[in-house]
Amino acid sequence: MSTRRDEILKEMGLAPLWRLRVAPAAGGAGSADATPPASVSSSAGASPAAAPALHGERVTAEAPAQSHDARRAAIMQMDWPALKAAVAQCTACALHAKRTNTVFGVGDENADWMFIGEGPGADEDAMGDPFVGQAGKLLDNMLAAIGLKRAENVYIANVVKCRPPGNRNPEPAEADQCEPFLERQIELIKPKLIVALGRVAALNLLDRDASIASLRGRVLDYKGIPLLVTYHPAYLLRSLTEKAKAWEDLCFAVRTMQGLQAANANAE
Ligand code: URA
């Protein structure tokens with residue numbers, strides 16, 4: 008571990024915790040040392056087919072002008088530039104009125120790993136990038152501990168792309184309007200593994216309510232893509248005792264990814 012990273016982790020009270028005992032293996036993440044592996048879902052490796060890209064055609068994401076289904080269908084046809092433009096111009100829910108920036112997502116658009124939070128806070132709204140505040144710093148450290156870096160081999164996005172005022176949870180109607188954007192991002196990226204950060208992200212991705220405790224440590228499913236759930240980094244900043252559990256979750260995620268990669272290699 009570098010001195011700089013040691014210093015950062017120490018500063019955040021994480022010093023011995025976010026550390027892999029074995030050097031990272033191919034694919035970005037090393038084998039980790041924690042609880043025994045759980046089985047990988049039979050959907051391992053499956054990914055949705057990409058929809059045909061629409062180039063140079065203006066497809067709006069405005070709610071009032073189009074029916075819910077037509078809007079969704081239009082978004083599901085978008086390529087990256089069209090999707091980014093649609094998010095930047097979106098006025099489909101009330102959140103747009105108070106935003107400074109939309110927060111589209113960041114990272115490798117072909118990443119195997121995708122981490123999904125709930126929605127931008129004040130720092131993200133000001134910068135236009137996800138997880139750039141205190142919680143984001145912790146997320147970056149968590150990612151670094153398993154060999155991932157936001158600009159390189161992981162994609163980070165949120166359930167909603169505009170800041171809910173006062174950092175409240177997104178309303179179901181707001182998440183509903185944003186859902187096709189996230190779904191299309193996932194379709195385009197085709198991650199091997201999704202990690203939902205916190206209950207709001209899990210609830211929206213799994214479309215059911217459940218406690219984090221009941222969802223952790225299991226390989227769940229988002230439209231054929233394996234999905235794991237862990238605590239939101241903002242919660243971890245407030246609940247130091249849960250950091251050990253989050254570390255277990257990351258170790259579980261690494262083992263799950265290794266299982267997926269091995270299954271893919273065997274299938275080739
Ligand atoms: N919390 C989130 O869920 N997402 C962000 O981008 C920042 C904080």
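Number 113 in the working numbering belongs to position 106 of the sequence shown; there are no gaps in the numbering. Quick reminder that beta carbons are idealized off the backbone N, C-alpha and C, glycines included. The model shown is predicted, which means the values in this text are computed figures rather than measured ones.
- Distance between R245 and D214, taken at the CA atoms: about 26 Å.
- In the three-state reduction of the DSSP assignment, A118 falls in the coil class, being assigned neither a helical nor a strand state.
- In the assembly as shown, R206 is a buried residue. Its beta-carbon has 16 or more other beta-carbons within 10 Å.
- Distance from the Cα of E116 is smallest, within the candidate group T263, A269, I196, for I196.
- In terms of Cα proximity to D136, the closest of L257, N211, N108, C100 is N108.
- Minimum Cα-Cα distance from L150 among the listed residues E275, C169, F122 corresponds to F122.
- Under the three-state reduction of DSSP, P172 is assigned to helix.
- Relative to the Cα of E181, the nearest Cα in the group V161, H103, C258, G224 belongs to H103.
- Distance between K144 and V167, taken at the CA atoms: about 20 Å.
- The beta-bridge partner set that DSSP reports for D228 consists of P233.
- Counting every other CB atom within 10 Å of its CB across the protein chains shown gives K250 a total of 16 or more, marking it as buried.
- Note on the region 150-201: whole beta strand (DSSP E) runs with a minimum of 3 residues are 161-165, in chain order.
- Taking every protein chain shown into account, the CB of E275 has fewer than 16 other CB atoms within 10 angstroms, so this residue is exposed.
- Residue pairing from DSSP places I123 in a beta bridge opposite A164, A203.
- The beta carbon of E181 sits no closer than 6 Å to any heavy atom of the ligand URA.
- Take the alpha-carbon of L189 and the one of Y162: they are about 12 Å apart.
- The beta-bridge partner set that DSSP reports for V113 consists of I163.
- L247 sits exposed, since fewer than 16 C-beta atoms from the chains shown fall within 10 Å of its C-beta.
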